[in-house]
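Numbering follows the numbering used here, with no gaps: position 153 of the sequence shown is 155.
No residue lacks a Cβ here, since even glycine has one placed at the ideal position from N, Cα and C.
Take a look at the structure below.
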Amino acid sequence: MGGSTRGPGAPEGGEAPGQSPYERLSQRMLDISGDRGVLKDIIREGAGDPVTPDASVLDITLWGMELGLLSMRRGELARFLFKPTYAYGTLGCPPLIPPNATVLFEIELIDFLDSAESDKFCALSAEQQEQFPLQKVLKVAATEREFGNYLFRQNRFCDAKVRYKRALLLLHRRLAICEEQHLVEPAELLVLLNLSFVYLKLDRPAMALRYGEQALLIDQRNAKALFRCGQACLLLTEYEQARDFLVRAQKEQPCNHDINNELKKLSSHYRDYVDREKEMCHRMFASCGGGSSVGGN
């Protein structure tokens, strides 16, 4: 990356001698900053609404990139030219980017989360939230869960847990309405599975087991819930219970490598446990071997 912008003497619509590739490219690009500091060329059109100012996206590192993203829609692929003021400035980013460099980026917007809408809804009282239709609640809960997934992928497990719990609270409030339960429970199941997983990552197996068992109340044959419960029980050294959960999970998905590997791990841990118990008993009896017997009358 690097180069210079079009010189002041070059005509806007044609090519002047000695123009750089960046200068030729810039002539057919859209000015989205108002000062030609951020130029855009759409390679593939997106769909839906543009990114909202408070949306959450991954890896915004430049001012120009933020402006560029705000002009994009889901699925869009675009090319951007950023002048130094909107990129790395007078310092550059040694050793790859020299000072005062105009840089070229291609950005694909896969998805974004409208976290502002979600935050506003979660700030309402329970009574206010109840005035909204179920579809609104499901949308906000899905946004919270997806944002939790985004944080989870960044290994920010505590932050992910907070988002998952917010989603679960929203859904629990709607479970009281009987005619909506069949619509709420599938969304609740996903959140419970994620909570079980994140508590495993936080090394809190008792909580992971709790949420896994709640998921099984919704779907007793759910392989992921059974697997999470089995993992939690293994960490709690509840070997018999772990085996029960994992065998049930394997019955649902016989070819699942994660489940089969966890069963192998359980077998190894259980053998070690039995060997330790045997060794302990052996030492106990050996320590009593030199003592006198108890006489009778």
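- The beta carbons of G77 and A49 sit closer together than 8 Å.
- Counted as a single uninterrupted DSSP element, the beta strand (DSSP E) harbouring F107 occupies residues V105 to E110.
- Here DSSP, grouped into helix, strand and coil, assigns G50 to strand.
- Per DSSP, the continuous beta strand (DSSP E) segment holding A80 begins and ends at L79 to F84.
- D43 is bridged by DSSP to R81.
- DSSP, read as helix, strand or coil, puts D221 in coil.
- Residue state for R76 is assigned as strand, using DSSP reduced to three classes.
- Rounded to whole angstroms, the separation of the alpha carbons of L111 and L236 is 40 Å.
- Under the three-state reduction of DSSP, I99 is assigned to strand.
- Residue range Q183 to K203 is occupied by the alpha helix (DSSP H) that includes L191.
- Between K42 and G66, the gap from beta carbon to beta carbon reaches 8 Å or more.
- The continuous alpha helix (DSSP H) containing C160 extends over residues F159 to R176.
- For E132, there is no enclosing alpha helix (DSSP H), as DSSP gives it neither H nor E.
- L126 and S270 have their C-alpha atoms roughly 51 Å apart.
- Taking C-beta separations shorter than 8 Å and ignoring five residues to either side along the sequence, the partners of L185 in its chain run L136 and L140, following chain order.
- Residue environment analysis places P207 among the buried positions, since at least 16 neighbouring C-beta atoms fall within 10 angstroms of its C-beta.
- Spanning the alpha carbons of F149 and L195 requires a straight line of approximately 15 Å.
- Our two residues, Y90 and V53, have alpha carbons roughly 23 Å apart in a direct line.
- Sequence-distant Cβ neighbours of K203 in its own chain, meaning closer than 6 Å and more than five residues away, are F159.
- Bounds of the alpha helix (DSSP H) holding N151 are L136 to R155.
- Under the DSSP assignment, Y241 falls in the alpha helix (DSSP H) whose first and last residues are Y241 to E254.
- Taking a 10 Å sphere around the C-beta of Q130, we find fewer than 16 other C-beta atoms and assign the residue as exposed.
- Per DSSP, the beta bridge partners of D33 are L41.
- By the neighbour-count criterion, in which a residue is buried when 16 or more other Cβ atoms sit within 10 angstroms of its Cβ, K163 is buried.
- The C-alpha of E146 is placed about 32 Å away from the C-alpha of C257.
- For the pair A227 and A189, the CB atoms are not nearer than the 8 Å cut-off.
- Q156 and F229 have their C-alpha atoms some 23 Å from each other.
- Nearest C-alpha to D246 among A57, C231 and L238: C231.
- Taking 8 Å as the cut-off, the Cβ atoms of A217 and L191 count as close.
- Leaving aside the five residues that flank R176 on each side, the residues in its chain whose CB is nearer than 7 Å to its CB run, in chain order, L136, V139, E182 and V186.
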